[in-house]
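*Asks:* Residue numbers (the UniProt record's numbering): 1 to 329.
Here it is, written out as structure tokens:
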């Protein structure tokens with residue numbers, strides 16, 4: 001079957017910059033795709049690369065889209081190479097959208113997510129987190145992710161002490177280092193987390209530390225996961241499906257953070273997760289409503305441990321997603 005193919009690049013400025021150990025991120029750039037079949041059914045997809053996580057660059061994705069004909073076949077979509085994982089996700093999502101389509105407008109995109117999905121709200125780095133959690137709590141969040149490895153460890157550990165004392169009972173806190181700690185710092189963080197989690201008077205659980213060390217230090221992270229009670233999640237290490245498969249085969253049985261927007265082929269991801277029953281946390285790449293809809297469908301289908309999904313990022317954008325999309329298209 002042939003599909004009419006259209007695409008449009010976009011830029012969205014964050015309300016406030018996203019600050020991680022990788023640096024400051026101020027503008028989200030990506031590509032919205034639209035496929036239309038011969039009967040007029042429409043499917044939407046999104047390519048939202050994060051180069052420093054291991055996906056293709058935006059320019060590589062644009063070059064791929066530009067070289068395609070105005071009409072493409074399914075064979076083209078399923079032959080997208082693995083070095084274009086964000087493209088794989090975007091095109092397969094659009095194709096799935098055509099198959100499920102009942103409307104030519106944005107109706108299906110703006111329908112509410114499954115009620116079974118709970119969200120983790122993203123806190124800013126540093127002391128700002130001490131106040132930022134309150135607004136998110138009022139919006140219904142009870143799991144929070146805080147960016148660490150941005151400021152000196154001694155400074156952040158003092159903030160952590162204040163944060164866990166101020167958070168409401170029964171909340172969960174995730175610490176995301178983005179690979180920015182060294183081995184000594186990671187030991188210090190995990191020792192602190194073990195102590196906090198062992199404190200029965202503290203009603204807050206440190207759920208896990210996300211990617212404490214750089215991708216090339218997997219053996220050290222494996223050692224840390226065996227040394228401490230507190231859980232470790234791989235994130236940058238498992239950015240793509242190829243990496244996910246590799247580190248599973250290397251013996252990782254801890255938590256895997258999966259960013260559907262850059263992991264690669266959704267159909268192959270489903271096969272892997274369903275076969276291995278991994279402990280996965282699904283997370284955003286600051287995509288728009290288009291990519292988020294497809295990603296949440298995967299999260300609902302593949303989550304085995306009912307962990308909150310890392311899609312609590314809407315407060316980082318000023319404009320409403322649906323309005324923004326209609327204006328773009």
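For glycine and all other residues, C-beta sits at the position ideal for the given N, C-alpha and C.
Do residue 35 and residue 23 have their C-beta atoms closer together than 7 Å?
*Replies:* Locating residue 35 in the chain shown gives position 35, counting from the first residue. Locating residue 23 in the chain shown gives position 23, counting from the first residue. The answer is no: Cβ separation not under 7 Å.
*Asks:* Using the Cβ count rule (16 or more neighbours within 10 Å means buried), how would you classify residue 150?
*Replies:* For this step, residue 150 is matched to residue 150 along the chain shown. Buried.
*Asks:* Go to residue 239, then tell me how far its alpha helix (DSSP H) extends in each direction, as first and last residue.
*Replies:* Position 239 of the chain shown, counted from the start, is the residue given in the question as residue 239. Neither: residue 239 is in no alpha helix (DSSP H) and is coded neither H nor E.
*Asks:* Whose C-alpha, out of 7, 164 and 212, is nearest the C-alpha of residue 325?
*Replies:* Within the chain shown, numbered from 1, the residue matching residue 325 stands at position 325. It is 7.
*Asks:* If you pair each beta-carbon of the stretch 233-244 with each one of the stretch 205-212, do three or more pairs fall below 8 Å?
*Replies:* The stretch 233-244 is in contact with the stretch 205-212.
*Asks:* Would you mind listing the alpha helix (DSSP H) stretches within the stretch 125-191 that are 4+ residues and don't spill past its ends, in chain order?
*Replies:* The qualifying runs are 129-138 and 153-166.
*Asks:* Counting beta carbon pairs with one atom in the stretch 297-312 and one in the stretch 265-275, are three or more of them shorter than 8 Å?
*Replies:* Flag = yes, the stretch 265-275 and the stretch 297-312 touch.
*Asks:* With residue 280 and residue 256 assumed to form a contact (beta carbons below 8 Å), what rounded beta-carbon distance in angstroms separates them?
*Replies:* Locating residue 280 in the chain shown gives position 280, counting from the first residue. Locating residue 256 in the chain shown gives position 256, counting from the first residue. Indeed, because the Cβ distance is near 5 Å, the residues count as touching under 8 Å.
*Asks:* Which residue's Cα is closest to the Cα of residue 136: 120, 126 and 148?
*Replies:* What you label residue 136 is simply residue 136 of the chain shown in a count that begins at 1. For the residues 120, 126 and 148, the minimum Cα distance to residue 136 belongs to 120.
*Asks:* If you follow the beta strand (DSSP E) that residue 36 is in, where does it begin and where does it stop?
*Replies:* Position 36 of the chain shown, counted from the start, is the residue given in the question as residue 36. Run containing residue 36: 23-36, per the beta strand (DSSP E) assignment.
*Asks:* If we count the other Cβ atoms within 10 Å of its Cβ and call it buried at 16 or more, is residue 164 buried or exposed?
*Replies:* On the chain shown, position 164 is the one that residue 164 refers to. Buried is the call here.
*Asks:* In angstroms with no decimal places, state the Cα-to-Cα distance between residue 142 and residue 306.
*Replies:* Residue 142 sits at position 142 when you count from the first residue of the chain shown. Residue 306 sits at position 306 when you count from the first residue of the chain shown. Cα-Cα distance, rounded: 14 Å.
*Asks:* Would you list the residues sitting across from residue 3 in a DSSP beta bridge?
*Replies:* For the purposes of this step, residue 3 is taken as the residue at position 3 of the chain shown. 72, per the DSSP bridge assignment.
*Asks:* By the three-class DSSP mapping on this structure, what secondary structure does residue 120 have?
*Replies:* Here residue 120 is taken as the residue at index 120 of the chain shown, counted from 1. The answer is strand: DSSP assigns residue 120 an E or B state.
*Asks:* By the 10 Å Cβ neighbour count, where 16 or more other Cβ atoms means buried, how is residue 190 classified, buried or exposed?
*Replies:* Looking up residue 190 in the chain shown gives position 190. Flag for residue 190 reads buried.
*Asks:* Taking the alpha carbon of residue 187 as the point to measure from, which residue in 215, 228, 67 and 218 has its own alpha carbon closest?
*Replies:* Counting from one through the chain shown, the residue named residue 187 turns up at place 187. Of the listed residues, the one whose Cα sits closest to residue 187 is 228.
*Asks:* Please return the same chain residues whose Cβ sits closer than 6 Å to the Cβ of residue 103, not counting the five positions on each side in sequence.
*Replies:* By 1-based counting over the chain shown, the position of residue 103 is 103. Confidence at residue 103 is low in this model, with a pLDDT of 49, below 50, so its placement is unreliable and the value that follows should be read with caution. Around residue 103: no qualifying Cβ.
*Asks:* Beta-carbon separation of residue 283 and residue 310 under 7 Å?
*Replies:* The residue given as residue 283 occupies position 283 in the chain shown. The residue given as residue 310 occupies position 310 in the chain shown. Yes. Within cutoff.
*Asks:* Check whether the stretch 61-70 touches the stretch 78-98, taking contact to mean three or more Cβ pairs, one atom from each stretch, closer than 8 Å.
*Replies:* Segments in contact, yes.
*Asks:* Could you tell me the distance, in whole angstroms, from the CA atom of residue 11 to the CA atom of residue 178?
*Replies:* By 1-based counting over the chain shown, the position of residue 11 is 11. By 1-based counting over the chain shown, the position of residue 178 is 178. Roughly 24 Å separates the two Cα atoms.
*Asks:* For residue 11, which three-state DSSP category applies?
*Replies:* Walking along the chain shown from the start, residue 11 turns up at place 11. Residue state, collapsed to three classes: strand.
*Asks:* Have a look at residue 224 and residue 101 and give me their C-alpha separation to the nearest angstrom.
*Replies:* Residue numbering aside, residue 224 sits at position 224 when the chain shown is read from its first letter. Residue numbering aside, residue 101 sits at position 101 when the chain shown is read from its first letter. Spanning the two alpha carbons is a distance of roughly 47 Å.
*Asks:* Any heavy atom of the ligand FMN closer than 6 Å to the Cβ of residue 138?
*Replies:* This structure does not include the ligand FMN; it has no bound ligands of any sort.
*Asks:* May I ask which residues mark the beginning and end of the alpha helix (DSSP H) holding residue 326?
*Replies:* Start at 1 with the first residue of the chain shown, and residue 326 comes out as number 326. Here the alpha helix (DSSP H) through residue 326 covers 321-328.
*Asks:* Would you tell me roughly how many angstroms separate the C-alpha atoms of residue 276 and residue 193, rounded to the nearest one?
*Replies:* Counting from one through the chain shown, the residue named residue 276 turns up at place 276. Counting from one through the chain shown, the residue named residue 193 turns up at place 193. Each residue's alpha carbon lies about 28 Å from the other.
*Asks:* Please name the residue, chosen from 218, 263, 16 and 264, that lies closest to residue 247 on a Cα-to-Cα basis.
*Replies:* Within the chain shown, the letter at position 247 stands for residue 247. The shortest C-alpha separation from residue 247 is found at 218.
*Asks:* Who pairs with residue 279 in a beta bridge, going by DSSP?
*Replies:* Within the chain shown, the letter at position 279 stands for residue 279. For residue 279, which the question treats as bridged, DSSP gives the partners 255.
*Asks:* If you reduce the DSSP assignment to three classes, tell me which class residue 311 lands in.
*Replies:* The residue labelled residue 311 in the question sits at position 311 within the chain shown. In this structure, residue 311 counts as strand in the three-state DSSP scheme.
*Asks:* When the Cα atoms are used, what is the spatial distance from residue 202 to residue 196?
*Replies:* Within the chain shown, numbered from 1, the residue matching residue 202 stands at position 202. Within the chain shown, numbered from 1, the residue matching residue 196 stands at position 196. If I take the Cα positions, the gap works out to 7 Å.
*Asks:* Give the straight-line distance between the Cα atoms of residue 321 and residue 45, rounded to the nearest whole angstrom.
*Replies:* Here residue 321 refers to the residue found at position 321 when the chain shown is read from its first residue. Here residue 45 refers to the residue found at position 45 when the chain shown is read from its first residue. Those two C-alpha atoms are separated by around 14 Å.
*Asks:* Can you tell me where the beta strand (DSSP E) holding residue 210 begins and where it ends?
*Replies:* As a position in the chain shown, residue 210 is number 210, starting the count at 1. Per DSSP, residue 210 belongs to the beta strand (DSSP E) from 205-210.
*Asks:* For a test of the three-state rule: what should DSSP assign to residue 50, helix, strand or coil?
*Replies:* In the chain shown, counting from the first residue as 1, residue 50 sits at position 50. In the structure shown, residue 50 sits in coil (DSSP, three-state: anything other than H, G, I, E or B).
*Asks:* Apart from the five residues on each side of it in sequence, which residues of its chain come closer than 6 Å, Cβ to Cβ, to residue 383?
*Replies:* The structure shown does not extend to residue 383, since the chain is modelled only from 1 through 329, so no value can be given for it.
*Asks:* Quick check on this structure: which residue in 17, 52, 73 and 18 has the alpha carbon closest to the alpha carbon of residue 5?
*Replies:* Here residue 5 refers to the residue found at position 5 when the chain shown is read from its first residue. Nearest C-alpha to residue 5: 73.
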